[in-house]
Amino acid sequence: MWQTFLVNLKLHLREKTQLFWLFAFPIILATMFNGMFGNIAESFELHTLDVVVVEDTAWKASYGAQTLIDGLSSDSSASDTGGFAKVDSDGGSKLVNATKVDSTAQAKRLLADGTVQGMLQVVDGRLKLSVSQSTQSSASDVMASSSGLNISLTVLGNIVDLYNRNTDVVTEIAKNNPTALMDSAVTGSIGSTNGYTKEIQLTNFKPSGTARYYYALLGMAALMAMSFAINAVTMTQANLSALGIRRSVSPLPKLRQLLAGFLSSWLCSFLSLTVAMLYIRFGCRISLGGREWAAVGACLVASFAASAFGTLLGALPKIPTGAKHGLCTALACILSLFSGLYGQFAMQLSDQIAQQAPVLSLINPAQQITNLFYDILYYDNFKPFFTTAGILAAMSLVCLAVATVLLRRQRYEYL
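Once you know that position 180 of the sequence shown is 180 in UniProt numbering, the rest is easy, because the numbers rise by one and skip nothing.
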């Protein structure tokens, strides 16, 4: 039996078409996803802004403005970190990289030649922010805004506005009721920005917003791997290949031939799915929350299911090998639509099916394979993961049982 296992394994690895679709194609598609979605998360990150500070007489008289900018500015050029916001020793993000000049004329020259993106100065006791024309154009450009420039400018503008409001409040209190400044409750409430909502994390790990597309891709890759099992079964059928004729008259029992073919297809499916998963994790940087070992287990379960489904397709009688491979590809593509592979519309459709027709989602192997990776990422414990694995195992056993019945009933009048 083990000799048959090795022969099947060699035959699988020599099929160039299969190697492309099951090893190269998921990597190519994941690379395309990374190119399309790779900068989405970056667009929500704060970036360091290069600003020029006009340290004239009005600025030196405004101690609050000096303290504010000292807290926001970085110690070195933002170019040292690729333009990303710096992090200080306390873990906070540095928002601006300040260049200090003595006059407004010098600051305007730096704005005009593109050396800095904005200018900060004190006018009539209030902090004023100006941005260069090129920065304004970049912020208005949809493509350029994906770099996070809009968010950084908005944050800096809100900080400046909050500073000016607090300055006005303190000035008004000092003019009309100076003794109130001795009350710690009053001074503590100045500048308070308490909101009515707060952000909490409900899941085990904060995943990338595009992780779902990659996991749906793994579901499709697993179903495409059914072709390994289809080949393993058809190689034992005398009416489909010359090798099947020789094997039908060999002394090795057919059950052991099928078991060797199943194990070889399971191993190849597991390897192809694991390679795709590792590329998504380390090549595309889609984190699994430190549960990479569980993802390997998910690949093992998914490849077992794919081999079982492929065995059933391979056992279908009176269908040529090419038609079975076409059916495999069609099923993988169609079922992946309902697991959310083909964009936002497909994701919404998948969510609607899961909410309104959960039975259809339950019997969709592509969705269940995708759920294996969801369960790893979104839940604190592994109960949902084992539940999904149990569903796939039950579906696999049913497919293997049906395939066994079909293969036992196949007889040939002549070869």
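For every residue, glycine included, the Cβ atom is placed at its ideal position computed from N, Cα and C.
Whole-angstrom C-beta distance between residue j and residue i, which should lie under 8 Å
| i | j | result |
| --- | --- | --- |
| Phe338 | Leu331 | Their Cβ separation, rounded to whole angstroms, is 11 Å, which puts Phe338 and Leu331 out of contact at 8 Å. |
| Ser51 | Met119 | Reading the sequence as shown, one finds Val at residue 51 and not Ser. Between Met119 and Val51 the Cβ distance is about 7 Å, and since that is below 8 Å, they are a contact. |
| Ala260 | Asn34 | Not a contact, Cβ separation roughly 38 Å. |
| Ile12 | Gln18 | Note that residue 12 is His in the sequence shown, not Ile. About 7 Å separates the two Cβ atoms, so the contact holds. |
| Val301 | Ala389 | 5 Å |
Limits of the alpha helix (DSSP H) - the one that residue i falls within
| i | result |
| --- | --- |
| Asp375 | Pro365 to Tyr378 |
| Asp161 | Leu149 to Asn176 |
| Thr104 | Thr104 to Ala112 |
| Thr31 | Phe25 to Phe37 |
| Ile280 | Counting along the chain, Ile280 falls outside any alpha helix (DSSP H), and DSSP gives it neither H nor E. |
| Gly64 | Tyr63 to Leu72 |
| Arg212 | Ala211 to Met224 |
Coarse secondary structure for residue i, derived from DSSP in three states
| i | result |
| --- | --- |
| Lys383 | helix |
| Gly118 | strand |
| Leu397 | helix |
| Leu19 | helix |
| Met143 | In this prediction, Met143 scores a pLDDT of 47, lower than 50, which makes its location untrustworthy; the coordinate-derived value is nonetheless stated afterwards. Looking at Met143 - three-state DSSP - the assignment turns out to be coil, as it is neither helix nor strand. |
| Leu6 | helix |
| Pro392 | The displayed chain sequence assigns Leu, not Pro, to residue 392. Correct three-state label for Leu392: helix. |
| Leu316 | coil |
| Ser339 | coil |
| Ser265 | helix |
| Ser76 | No answer about Ser76 holds up, because its pLDDT of 40 lies below 50 and its placement is not dependable. |
Same chain, Cβ closer than 7 Å to residue i, neighbours up to 5 away in sequence not counted
| i | result |
| --- | --- |
| Ile230 | Gly310, Leu313, Gly314, Lys324, His325 and Cys328 |
| Arg291 | Ile376 |
| Ile286 | Ser208, Ala211, Tyr214 and Ile280 |
| Leu288 | Arg281, Ala295, Ile376 and Leu377 |
| Leu263 | Phe5 |
| Tyr374 | Tyr215 |
| Ala308 | Ser396, Cys399 and Leu400 |
Proximity to residue i [Cα-Cα], best of the options
| i | options | result |
| --- | --- | --- |
| Met226 | Arg165, Gly71 and Cys333 | Cys333 |
| Ile369 | Phe382, Cys299 and Val402 | Cys299 |
| Leu127 | Leu406, Ala105, Gly157 and Leu288 | Gly157 |
| Phe23 | Ile286, Leu218, Ser137 and Asp70 | Leu218 |
| Asn364 | Ile173, Leu288, Val275 and Ser336 | Ser336 |
| Asp113 | Thr135, Asn97, Ala98 and Lys100 | Thr135 |
| Ala30 | Asn381, Tyr214 and Leu288 | Tyr214 |
| Ser130 | Trp266, Leu258, Gly343 and Ala107 | Ala107 |
| Ser265 | Asn176, Met277, Phe228 and Ala308 | Phe228 |
| Thr48 | Leu149, Thr274 and Phe5 | Leu149 |
| Lys318 | Leu255, Pro26, Leu273 and Leu407 | Leu407 |
Close-in-space but distant-in-sequence residues of the same chain around residue i (CB under 8 Å, 5 per side omitted)
| i | result |
| --- | --- |
| Ile159 | Leu68, Leu72 and Leu95 |
Residues near residue i in its chain [Cβ-Cβ closer than 6 Å; skip 5 each side]
| i | result |
| --- | --- |
| Leu111 | Met119 and Ser132 |
| Gln121 | Val54 and Lys128 |
| Glu15 | none |
| Ala65 | Val122 and Leu127 |
| Ile391 | Gln368 |
Bounding residues of the beta strand (DSSP E) (the contiguous stretch that carries residue i)
| i | result |
| --- | --- |
| Ala98 | Val96 to Val101 |
| Arg126 | Arg126 to Val131 |
| Leu49 | Leu49 to Val54 |
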